[in-house]
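Below you'll find the structure, written out as structure tokens, and then a few comments.
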Amino acid sequence: MLQLTGVTYRYAGYAKPVLHDVDLRLEDGEIVGLVGPNEAGKSTLCLVASGLAPASIGGDLKGSLTLDGTPAAGLRTHELAARVVVGFQNPNTQRSGIAATVFEEIALGPMNLGLPVAETVARTHEAIARLRLEPLVEHDPQRLSGGQAQLVGIASLLAMRPRHVILDEPTAQLDPAGTRLVGEALRALAEAGTSLLIAEHKTDLLDGLCGRVVVIDGGRIVMDGPTATVFDDPRLHELGVEPPARARLARALVDRGLERSMVTAALAQGLGA
Amino acid sequence: MAPPAPSAYHRLNPLTKAVAATVESLGAFVIGGYLGPLAIIGLAILPAAVLAGVAGRLVRISALLTLPIAISVVLVSVFTRAGATVLFAIGPFDATLEGVDFAGQTLVRLFAISTSIGLFGLTTEPRSFVLDLERRSLSPRFAFVALATLEAVPAMVERSSVIASAQRARGLDTEGSVRARLRGLLPLVGPVILSSLTEVEERSLALEVRAFGRPGRRQLLWRLPDSRLQLIARLLMLAALLAAIAMRVAGTFPRLP
């Protein structure tokens, strides 16, 4: 379980906090979506939930982050890395810059953990298979397209086999097929007990993936609830978040006089099919 | 996991090739004269280069690398070194036989150094060398810095190209006269440096996430081939170099032509 309690965070050198009194709890195996307008504090929340803020980037944190009951404040960054990982939206900065092949790039994390070679290789192969990266294993990581680099970045995190995964716009550069692939990999990860927090603008991805969605605005959590409830909430549009296609269709049908329960049931049946 | 190397010399352990290059370079200076450096070139470096299939490239590259220094060495040595035998004079400067001799000895030494280092460079992948050193207890952080520096150069070139294209699309003139090119340079340098700097923090965070800060050794995926024979060869080369240095210091090293 990953838990943020009463978290207020201010970047070093800034007068005002970016996050205000945030409470967030991720159960094991739970996938939570994080949405909000630009500058709402999504990326900062990702940094704080991963322990990198303030451990690596400094700043002032009030409140606490606990990982499986252990306060993150007492952990060093490499100890945090074995429990929680975070992926950033720019795949170019995810690359180590020292690996000659995609295989070595993905293997870097387990190698750093000091795992035996056999274990490192096994984890690397598993992460490669999850994101179907077999054709790229011998490629130079610096010569990948944006989408390929993003998949390699996510595979590099999966190879760490963390208990908690935080992803900041993991599919920003992916096409629909790549986005689906990432969705499947993350679902499998959650089924294995990993908790995931995914900050994403692609609400369609979150709609099919998450059991719960959190909306952040101005550094405060303004909505937190089951995915369908949050995405069907009319306030979402006012907050600058585009609801998923399913929610928009449902709203359009209800606005034209159809019964909401009937629409919900029909759409659920349709999506299920 | 290591890719196959094209020749037996390429396949030698990088440390063996590095020791050979070091011993050959220093040996050329310690032995001195013409015969020593020429023997090192003719009996050690060139046969290895032929075996590796890089002899032609090695000679060309070494000649090019040596040329600028060679010109200044010849000019300074020939015309400024005092000597009894004046060959000819240009204005106030006398070209002496002793100066020519000194320049010749310096040139063969320089050529021995450039060919020995060049052979190492042409037959060794820098990444393999650094990782082999890491396996031999080099700090992983030092290995990272060395590898990241090697990778940074092509990355910066690529970034510059992307930014240049973007600036050209906005009307920046980067072609034409030297003056026009210089004028176009400034709007490129700023974004290249700034974008590199802004990526540094996120890149370091991404490394932290992957446990780069963990103390202790990491398990490397592959081991470069090495052998007892190569170990003995390295020790013998180093012993020979140390012996030559000791004899030179003691003044017992035979004076070679």
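Line by line, the protein sequences are chains A and B.
Using the numbering used here, the letters of the first sequence map in sequence onto residues 171 to 443.
Using the numbering used here, the letters of the second sequence map in sequence onto residues 6 to 262.
Think of the CB as a built atom: it goes at the ideal place given N, C-alpha and C, for glycine as much as any other residue.
**Study point:** chain B residues whose Cβ lies nearer than 9 Å to that of A251 (chain A)
**Key:** Here the neighbours are E213, V214, R215, A216, F217, G218 and R219.
Practice item. Report the neighbours of M281 (chain A) on chain B: residues whose CB is nearer than 8 Å to its CB, in chain order. Key: Neighbourhood of M281 (chain A) in chain B, by CB distance below 8 Å: R223, Q224, L225 and L226, in chain order.
Review point. Can you list, in chain order, the residues of the segment 222-255 of chain A whose Cβ is nearer than 9 Å to any Cβ on chain B?
Key: L222, A225, S226, I227, R246, T247, H248, E249, L250, A251, A252, V254 and V255
Check your understanding: Is R405 (chain A) helix, strand or coil when you go by DSSP?
Key -> helix
Point to revise | Selection from B:A244, B:L72 and B:G38 that minimises the alpha carbon distance to P4 (chain B) | key: There is no way to answer for residue 4 (chain B), as the model of chain B reaches only from 6 to 262.
Practice item. Indicate whether the contact test is met: 3 or more Cβ pairs, each with one atom in the segment 144-153 of chain B and one in the segment 262-279 of chain A, closer than 8 Å. Key: yes
**Study point:** 8 Å Cβ cutoff, R132 (chain B) in contact with chain A
**Key:** yes
Review point. So, does the CB of R16 (chain B) fall closer than 8 Å to a CB anywhere in chain A?
Key: no
Check your understanding: Would a check of beta-carbon distances place V24 (chain B) closer than 8 Å to chain A?
Key -> No, V24 (chain B) does not count as interfacial toward chain A.
Practice item. Could you check if D377 (chain A) is buried or exposed, using at least 16 other CB atoms within 10 Å of its CB as the buried criterion? Key: buried
Check your understanding: From the beta carbon of R184 (chain B), is the nearest beta carbon of chain A less than 8 Å away?
Key -> no
Review point. Under a CB-based cut-off of 8 Å, is T341 (chain A) close to chain E?
Key: No chain E is present in this structure, whose protein chains are A and B.
**Study point:** Near-chain B residues of the segment 306-322 of chain A (beta-carbon distance less than 7 Å), N- to C-terminal order
**Key:** Q312
Exercise for review: Quick one: list the residues of chain A neighbouring L31 (chain B), beta-carbon separation under 8 Å, in chain order.
Suggested key: Residues of chain A passing the Cβ test: none, with the nearest at roughly 30 Å.
Check your understanding: Which word fits R132 (chain B), buried or exposed, when buried means at least 16 other C-beta atoms lie within 10 angstroms of its C-beta?
Key -> buried
Practice item. Please decide whether I268 (chain A) counts as near chain B, where near means a Cβ-Cβ distance under 8 Å. Key: yes
Review point. Is any beta-carbon of chain A found at less than 8 Å from that of L152 (chain B)?
Key: yes
Exercise for review: Kindly confirm or deny that the segment 247-255 of chain A and the segment 169-189 of chain B touch, where touching means at least three C-beta pairs closer than 8 Å.
Suggested key: no
Practice item. Measuring alpha carbon to alpha carbon, tell me which of B:F34, B:A238 and B:L261 ends up nearest I250 (chain B). Key: B:F34
Check your understanding: Hey, quick one: how far does the alpha helix (DSSP H) through A372 (chain A) stretch, first residue to last?
Key -> Here residue 372 (chain A) turns out to be Lys, not Ala, going by the sequence shown. Unbroken run through K372 (chain A): none, as it is neither H nor E.
**Study point:** Closer than 7 Å at the beta carbon, the chain B residues around N260 (chain A)
**Key:** E207
Check your understanding: To the nearest whole angstrom, what separates the beta carbons of I391 (chain A) and V188 (chain A), a pair I think is in contact under 8 Å?
Key -> Contact flag wrong, Cβ pair sits at about 13 Å.
Practice item. Using only alpha-carbon positions, find the residue among A:L250, A:R246 and A:D230 that is nearest to S220 (chain A). Key: A:L250
Practice item. Look at the Cβ atom of D345 (chain A), then the Cβ atom of G317 (chain A), and state whether they are nearer than 8 Å. Key: Against a cut-off of 8 Å, the Cβ pair of G317 (chain A) and D345 (chain A) comes out as a contact.
Check your understanding: DSSP puts D238 (chain A) in a beta bridge; with which residues?
Key -> Looking at the DSSP assignment, D238 (chain A) forms no beta bridge with any residue, so it has no partner.
Review point. What residues of chain A sit near A160 (chain B), judged by a beta carbon separation below 8 Å?
Key: Within chain A, the residues near A160 (chain B) are G267 and Q312.
Exercise for review: Mind listing the chain A neighbours of F149 (chain B)? Cutoff is C-beta to C-beta under 9 Å, in chain order.
Suggested key: S266, G267 and I268
Review point. Does the pairing of the segment 53-62 of chain B with the segment 103-111 of chain B give three or more beta-carbon distances under 8 Å?
Key: no
Check your understanding: Quick one: what does DSSP say S113 (chain A) is sitting in, helix, strand or coil?
Key -> Nothing can be reported for residue 113 (chain A), as the shown portion of chain A is limited to 171 through 443.
**Study point:** Straight-line gap, L351 (chain A) to L215 (chain A) (C-alpha atoms, nearest Å)
**Key:** 25 Å
Check your understanding: When the Cα of L136 (chain B) is compared with those of B:A100, B:S121 and B:P230, which residue comes out closest?
Key -> B:P230
Exercise for review: Would you grab the beta carbon distance between T373 (chain A) and P413 (chain A) for me? Rounded to a whole angstrom, and I think it's under 8 Å.
Suggested key: 6 Å
Check your understanding: Exposed or buried, G123 (chain B), counting other C-beta atoms within 10 Å across all chains shown (16 or more means buried)?
Key -> buried
Point to revise | Status (buried if at least 16 other CB within 10 Å, exposed otherwise) for M6 (chain B) | key: Its pLDDT being 44, under 50, M6 (chain B) is placed unreliably by the model, and the measurement read from it follows with that caveat. Flag for M6 (chain B) reads exposed.
**Study point:** Residue span of the beta strand (DSSP E) that contains A249 (chain B), given as start and end
**Key:** A249 (chain B) -> not in any beta strand (DSSP E); alpha helix (DSSP H) instead, spanning R233 to A255.
Practice item. Check distances from the C-beta atoms of the segment 273-298 of chain A to those of chain B and list, in chain order, the residues that come in under 9 Å. Key: Against chain B - using a Cβ distance shorter than 9 Å - the residues of the segment 273-298 of chain A are F273, E274, A277, L278, G279, P280, M281, N282, L283, G284, L285, P286, V287, E289, T290, V291 and T294.
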